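Residue numbers (the numbering used here): 30 to 434.
Built from N, CA and C at the ideal position, the CB exists for glycine as well.
Keep in mind the model is a prediction, meaning the values are calculated, not measured.
Reviewing the structure listed below.
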């Protein structure tokens, strides 16, 4: 598609996610951007939006559904590949408990088959990052699931600093007989890392002012932690149990930093604390077994209870724990267990976009936003619905639409 190519999609049932469902709406895209979404316009007016000398492609979507590109705010897409070499994967740097210098940007394989699966399922944006073996694991990134080269797919190269509480880092380092072997050890290492970054920033400021009597040596890890202290990126906290969540909140309060709670298996048990601090929660992967003790109280009700309490909540597959294309199935099961349909649809589109600070570009169908959307054969949460075509930045990246259409 040329940069100025226009497409008019008409007569489809459009879920905008910022207003009512349009039963026979019109969507006009030009280049990478949505020009118009709303009730059907007179043809002359719609045609004018395509621009002079630009004959638009017209697609009749009668009987079809148009849905915003889905967003998964916590994955390991392209890093934890489903097929990897015998020498292991690239998800965790097991050798040290604190590795803030790592960047997921350097680990993503854009040719991973998971990207193809994401696109075929209508998932157009993800956050992908390091695993949870380390207390501090490195920075995550936000990216589209298709594009003209890896660089064009990346929206935010450093979107948060991954930290992990609970059983995962304990299990890894107790085997190595080194700290942390306890929850106290995890909290202590994280605190010390944040204190070290505070001291680093003080020294850096003195060096920039010419008041430092020694050579200032840059530290890539502390540079990344400093981004959290400066509130340029949030702490992305892996925590399941209520006590771990409370410890994370306590540390965030101590250092005055922003955090996003990820997984949050027992987040429904500490709702008042999350409300008080306005902490967003990315819940899941609930479409999985109770594979460790921390998941004993896992329930599909968590997302519904958080949403009812006014907490910004998104659902995640934690790909490749659950294949990323099953994100709408997670939303459907949340509805089955008490979440409203509207809330569940937001939890896989606009809410994760807000959590990732990308709502100005993605998450809903509005004029001026990226032209990321899917054409479906039926309701977005109906497991029988087929993804027939997917657009990212106005370009068709998956096409299974019948020739008759």
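Taking the Cα positions, residue 351 is about 11 Å away from residue 318. Secondary structure note for residue 253: its alpha helix (DSSP H) is the uninterrupted segment 249-258. For residue 184, the enclosing beta strand (DSSP E) starts and ends at 183-193. Boundaries of the alpha helix (DSSP H) around residue 222: 212-237. The C-beta of residue 173 has 16 or more other C-beta atoms within 10 Å across all chains shown, which makes the residue buried. Of the residues 140, 258, 89 and 73, the one whose Cα lies closest to the Cα of residue 111 is 140. The secondary-structure analysis by DSSP pairs residue 41 across a beta bridge with 54. Here DSSP, grouped into helix, strand and coil, assigns residue 298 to helix. Nearest Cα to residue 375 within the set 341, 390 and 395: 341.
Among the bridge pairs identified by DSSP, residue 63 is matched with 58. Cβ atoms of residue 370 and residue 410 come within 8 Å of each other, at about 7 Å.
In the structure shown, residue 402 adopts extended strand secondary structure according to DSSP, grouped into three states. Taking each of 322, 283, 207 and 280 in turn and checking the Cα distance to residue 269, the smallest one comes out for 322. In this structure, the straight-line span from the alpha carbon of residue 229 to that of residue 373 is close to 43 Å.
Considered as a whole, the stretch 298-348 harbours 310-312 and 342-344 as its complete beta strand (DSSP E) runs of no fewer than 3 residues, in chain order.
Nearest C-alpha to residue 49 among 36, 66, 34 and 239: 66. Under the three-state reduction of DSSP output, residue 423 falls in the coil class, being neither helix nor strand.
Note that the C-beta distance between residue 332 and residue 311 is not below 7 Å.
Spatial neighbours of residue 366 in its own chain (CB-CB distance under 8 Å, excluding positions within 5 residues in sequence) are listed in chain order as 328, 329, 330 and 333. Here the stretch 184-191 makes no contact with the stretch 146-153; the two share fewer than three CB pairs at distances below 8 Å. Here the alpha carbons of residue 54 and residue 34 stand approximately 20 Å from one another. In the three-state reduction of the DSSP assignment, residue 358 falls in the helix class, which pools H, G and I. By the C-beta criterion, the stretch 38-45 is judged to be in contact with the stretch 79-96, since at least 3 inter-stretch pairs fall below 8 Å. Taking one beta carbon from each stretch, the stretch 68-75 and the stretch 90-106 have fewer than 3 pairs nearer than 8 Å; the two do not touch. Counting the other CB atoms within 10 Å of its CB gives residue 354 a total of 16 or more, which places it among the buried residues. Taking 3 residues as the minimum length, the beta strand (DSSP E) runs contained wholly in the stretch 365-417 are 402-405, in order along the chain.
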